[in-house]
Each structure stands twice: as C-alpha cells, then as structure tokens.
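Read through the structure below, which is laid out as structure tokens, and then see the notes.
Residue numbers (this note's numbering): 1189 to 1408.
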C-alpha cells in the first residue's frame, strides 16, 4: 500500500503498536512528521508502476495509455529498471488469482477504504481488490527488501479488509475474505491468509474499544 498523504491518529500502518499500547498514538504525535526520504518515494513510484501494469494486464487501460504513463515513470530520477520486473511479478500474481475464480471477478486497483466503524477516522488504500465467488480478496504490494511481512494476523491488512467489506458488502454476498502480501524483492512466495467474514467482523468488534482508547489518548 502506498503511503497515504493524510494520517489518522490511530493509523492502520501503526496498528500493531497501538493495539498493544494505546498510548502510542498520543506519544508519537509529539514528534513532527519526518521527511519520507528516497526509500518511501521509491516505494510510491514502484506502486504506481504496479498499478499501471496490473490495469493493463487486466484490460482496464489501453496499451497506448500504459506506455505513455510508464514513460513518465521512467523519467523519474528515482526510477530503476528493477521496478518493471517487480511490477510484472505483481501483475502476474493478480492475473493468476483472477483466473482461480469461477467467473471473472470484479477487480480494481488503488481503492480507498473507510474502516472508521471500527477505528475512529480510520481509512486507507488497498493496492488491489477482487470480488467474486462470494470472496473478497485484497492484495498488498511491498517494495522493500528488508524484513519479510506475513499476511497472517496482519492487523493493517485486517483493518483494510474491514473497510473493503463495508464498501463492497452492500453489493456482493461475501462469505470469505482472503488477503495476500507480495514482496518480490525478498521472495517469490506470496503470503496469504483466508478467514470467514463472521470471524473477520468478530475481530473488528474485539479491537473497537482498544482503538477508541488509542484515539482518545488513554494509555494502556
């Protein structure tokens, strides 16, 4: 998920901290936001290339638009040829996942979701969402090559999934939620977790009071 330009006090990216220490958001708010630096900017550019590649391979944009937008990405001083390869890996994973559905799923890249029902002012952006076969599937691309991140019990992705369920549950019957983390610079093994919708909602209800304490500044 690309870095959001606006941050909620109890953000999804910091959820592992505030779920274990509700005082964390208030403590961290004392310090000014640091410059994201080139690593974060490179990640944002890599996410953009992933988005374009996935849109092109799934037929959402034309070859002409794809080539035009990729040309702009290549002109960025932070562009690296490796970004094309990792974007291809990401898009290929999405293609294979889409082919695993009985019928072509609904698919959309860079979807903003709202999970404020569980975390006050909570929102975020899912790299890719697929819906079909009574299943909601969320994929997160990570460009870093430091520490492997697992999709299992990943609170950030679980919060995003709650927001996506709220958004798409109005239009689709969703019984199962699955999520995946793609980290091609570290491994070609994609981490996935699958859970029932009822279990997901129960988890959301469980963390509600913790989130409220974190936002209100009540330490624990």
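Beta carbons are placed, not taken as given, at the ideal position from N, Cα and C, and that holds for glycine.
Hey, quick one: how far does the beta strand (DSSP E) through residue i stretch, first residue to last?
i, result
"residue 1300", "1294 to 1302"
"residue 1403", "Unbroken run through residue 1403 is the alpha helix (DSSP H), 1385 to 1404; no beta strand (DSSP E)."
With 16 other CB atoms within 10 Å as the buried threshold, where does residue i fall?
i, result
"residue 1236", "buried"
"residue 1303", "buried"
"residue 1335", "exposed"
"residue 1194", "Residue confidence is low: residue 1194 scores 47 on pLDDT, short of 50, so the model does not pin down where it sits. Its coordinate-derived value is still stated next. With fewer than 16 other Cβ atoms within 10 Å, it is exposed."
"residue 1263", "exposed"
"residue 1346", "buried"
"residue 1344", "buried"
"residue 1363", "exposed"
"residue 1225", "exposed"
"residue 1404", "exposed"
"residue 1200", "buried"
"residue 1203", "buried"
"residue 1209", "exposed"
Do you know whose CA, among the options, lies nearest residue i's CA?
i, options, result
"residue 1385", "1371, 1365, 1402, 1376", "1365"
"residue 1256", "1312, 1336, 1241, 1269", "1241"
"residue 1370", "1319, 1324, 1379", "1379"
"residue 1296", "1320, 1274, 1290", "1320"
"residue 1266", "1393, 1231, 1395, 1277", "1231"
"residue 1390", "1294, 1306, 1329", "1306"
"residue 1247", "1292, 1337, 1356, 1387", "1292"
"residue 1276", "1200, 1376, 1404", "1376"
"residue 1324", "1200, 1210, 1350", "1350"
"residue 1398", "1308, 1316, 1388", "1308"
Just confirm the distance between the C-beta atoms of residue i and residue j, as a whole number of angstroms; I'd bet it's less than 8 Å.
i, j, result
"residue 1326", "residue 1352", "6 Å"
"residue 1289", "residue 1300", "About 23 Å separates the two Cβ atoms, so there is no contact after all."
"residue 1238", "residue 1278", "5 Å"
"residue 1198", "residue 1368", "Contact doesn't hold; Cβ gap of about 24 Å is too wide."
"residue 1340", "residue 1381", "5 Å"
Considering just the uninterrupted stretch of the alpha helix (DSSP H) at residue i, what are its terminal residues?
i, result
"residue 1254", "1251 to 1262"
"residue 1321", "Unbroken run through residue 1321: none, as it is neither H nor E."
"residue 1365", "Looking at the DSSP string, residue 1365 is not in any alpha helix (DSSP H); the run it does join, the beta strand (DSSP E), is 1364 to 1370."
"residue 1228", "1225 to 1245"
"residue 1345", "1343 to 1356"
"residue 1277", "1270 to 1287"
Is there at least one non-hydrogen atom of the ligand MG closer than 7 Å to the beta-carbon of residue i?
i, result
"residue 1309", "The ligand MG is not among the ligands present in this structure, which contains no ligands whatsoever."
Suppose contacts are defined by Cβ-Cβ distances below 8 Å. Is residue i in contact with residue j by that definition?
i, j, result
"residue 1228", "residue 1271", "no"
"residue 1294", "residue 1318", "yes"
"residue 1331", "residue 1373", "yes"
"residue 1207", "residue 1383", "no"
"residue 1322", "residue 1284", "no"
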